[in-house]
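In my numbering, the protein residues as written are 16 to 469.
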């Protein structure tokens, strides 16, 4: 088995640029933010025209569009090597190509191109500043992303893309009200797929599921390209799955695949929904196919867990080893993801290492996701009194996140708080009885021992 793992790891390292084109807006920072209103008419009642994009291609463009943009920019720079605007466009295209292919080797290229652009024009070059913010967000350096976003805002506060990178950074840093304010500004300037999907995520984080769904439907209505439509279908599927409706989720994923089969996240979503619906063979086949072309750590971990649940521990172990390999490749290209690492290690027998990563994540950003990861890592290390404080912080926004309530319920149970444990575990399973292929069955066992649903 070790030789098979070694071959797969080597293939990852060699084959990133051959990964089929998919649409991933950050792997981890996919959507964020919120609107309170999204009327697209001005005070006179006439339709407001959308400002043009900061670069020739938008954030939901397909991978081939970015490939073409990269080639065009490279050709232009051969002819005019001091064209700072084209350097900025090239850097932005590299960032997006890295995101949609899950190939982190594009990030150093983006960094070099954007810095060259800023060397040539540092004062008015808000496009390169936005590119640097997007790159920092992709690498999970959210404080740097916020700094670059603020610099761009001072130069051009009327660009929707400026507020988009600010929303992403502020949300991941746990500055939710500031993120909401920035997104309202983005909606005022450029209502569309990017802003409506961010609105959906903000509503979801606050427990406003119906509004989150409405925002995604609005984004879908605005979507024109197959990539945009697939993007919206994916998040409609995610919203349905996270709220306990795997059948609806499967429908959304399959509609997205029919529109754009190259959007590989849809295939991962379909496998997850199939596993929840008991279609185990189809789910495992789907995971096998998608992890070969989209080797993201979180999807590899999902596949490993699905194999474990299916009674195939040796194959699961192989996927878990690939999680480490994929993470090392990301780290080697400047992308650090303590959050995913902490959660994975906590659930796979490495509590001390999990706590190290969770503490690093909490120091970097005070989001509800970071609070949950730290709570769970503390629990796995037997520090439940401390864990409870962070688990309560994780639920403070009102997010109907089954994992949050499951974690807090288990922590309560360990502390002997039977009533609170029963309440939280009941809430977790009511929100989504399929929230995790391994942890959801444990939640049911613990809840039954406490007397059943509250």
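Cβ atoms here follow ideal geometry from the backbone N, Cα and C, with glycine treated the same way.
Since the model is a prediction, treat every value here as computed from it, not as a measurement.
Item                                                                                                                                                         : Value
Between the alpha carbons of residue 421 and residue 259, how many angstroms are there, rounded?                                                             : 14 Å
So, are the CB atoms of residue 338 and residue 155 less than 8 Å apart?                                                                                     : no
Where residue 356 and residue 340 are concerned, what is the direct C-alpha to C-alpha distance, given to the nearest angstrom?                              : 12 Å
Which first and last residues belong to the alpha helix (DSSP H) in which residue 198 is found?                                                              : 191 to 204
Taking residue 247 as the reference, which of 164, 214, 222 has the closest Cα?                                                                              : 214
When we look at the beta-carbon of residue 456 and count the other beta-carbons within 10 Å, is it buried (16 or more) or exposed?                           : exposed
If you compare alpha carbons, which of 452, 406, 454, 412 is closest to residue 435?                                                                         : 406
Tell me the rounded alpha-carbon separation between residue 48 and residue 432.                                                                              : Caution is warranted here: a pLDDT of 32 is assigned to residue 48, below 50, making its placement in the model unreliable, and no coordinate value can be reported.
Using only alpha-carbon positions, find the residue among 269, 397, 380 that is nearest to residue 367.                                                      : 397
Applying the 10 Å Cβ sphere with the 16-neighbour rule, what's the burial state of residue 239?                                                              : exposed
Flag this pair as yes or no: are the beta carbons of residue 114 and residue 87 separated by less than 8 Å?                                                  : no
For residue 320, does the count of other Cβ atoms within 10 angstroms reach 16, so buried, or fall short, so exposed?                                        : buried
Mapping the DSSP letters down to three states, classify residue 232 as helix, strand or coil.                                                                : helix
Taking just the CA atoms, how far does residue 278 sit from residue 121?                                                                                     : 19 Å
Mind checking residue 312: buried by the 16 CB within 10 Å criterion, or exposed?                                                                            : buried
Rounded C-beta distance between residue 6 and residue 89? I'm assuming under 8 Å.                                                                            : Residue 6 cannot be examined here, being either before or after the span of the chain that is shown, 16 to 469.
Could you check what DSSP says for residue 450 in three-state terms: helix, strand or coil?                                                                  : coil
Terminal residues of the continuous alpha helix (DSSP H) containing residue 421?                                                                             : 417 to 429
When we look at the beta-carbon of residue 465 and count the other beta-carbons within 10 Å, is it buried (16 or more) or exposed?                           : buried
From residue 408 to residue 241, what does the alpha carbon distance come to, in whole angstroms?                                                            : 39 Å
To the nearest whole angstrom, what separates the beta carbons of residue 227 and residue 219, a pair I think is in contact under 8 Å?                       : 4 Å
Looking at the structure shown, is residue 414 part of a helix, part of a strand, or coil, going by DSSP?                                                    : coil
Assuming residue 532 and residue 447 form a contact by the criterion Cβ under 8 Å, report the distance between their Cβ atoms to the nearest whole angstrom. : The structure shown does not extend to residue 532, since the chain is modelled only from 16 to 469, so the question has no answer here.
My output table needs one value for residue 174: the three-state DSSP class, helix, strand or coil.                                                          : coil
Where do the N-terminal and C-terminal ends of the alpha helix (DSSP H) with residue 6 fall, by residue?                                                     : Any property of residue 6 remains undetermined from this structure, which presents the chain solely from 16 to 469.
Does DSSP put residue 348 in a helix, in a strand, or in coil?                                                                                               : coil
For residue 470, does the count of other Cβ atoms within 10 angstroms reach 16, so buried, or fall short, so exposed?                                        : Nothing in the structure corresponds to residue 470, since the chain is present only between 16 and 469.
Consult DSSP for residue 259 and reduce its assignment to one of helix, strand or coil.                                                                      : coil
The alpha helix (DSSP H) that contains residue 312, what's its start and end?                                                                                : 312 to 324
Please report how far the alpha carbon of residue 309 lies from the alpha carbon of residue 281, in whole angstroms.                                         : 11 Å
Out of curiosity, what's the CA-to-CA distance linking residue 94 and residue 360?                                                                           : 50 Å
Reducing DSSP to helix, strand and coil, say where residue 435 ends up.                                                                                      : helix
Inspect the beta-carbon positions of residue 271 and residue 289 and report whether they are closer than 8 Å.                                                : no
Please report the straight-line C-alpha distance between residue 103 and residue 84, rounded to a whole angstrom.                                            : 12 Å
How about residue 334 and residue 318: do their beta carbons lie closer than 8 Å?                                                                            : yes
Determine, using beta carbons only, whether residue 403 and residue 437 come nearer to each other than 8 Å.                                                  : no
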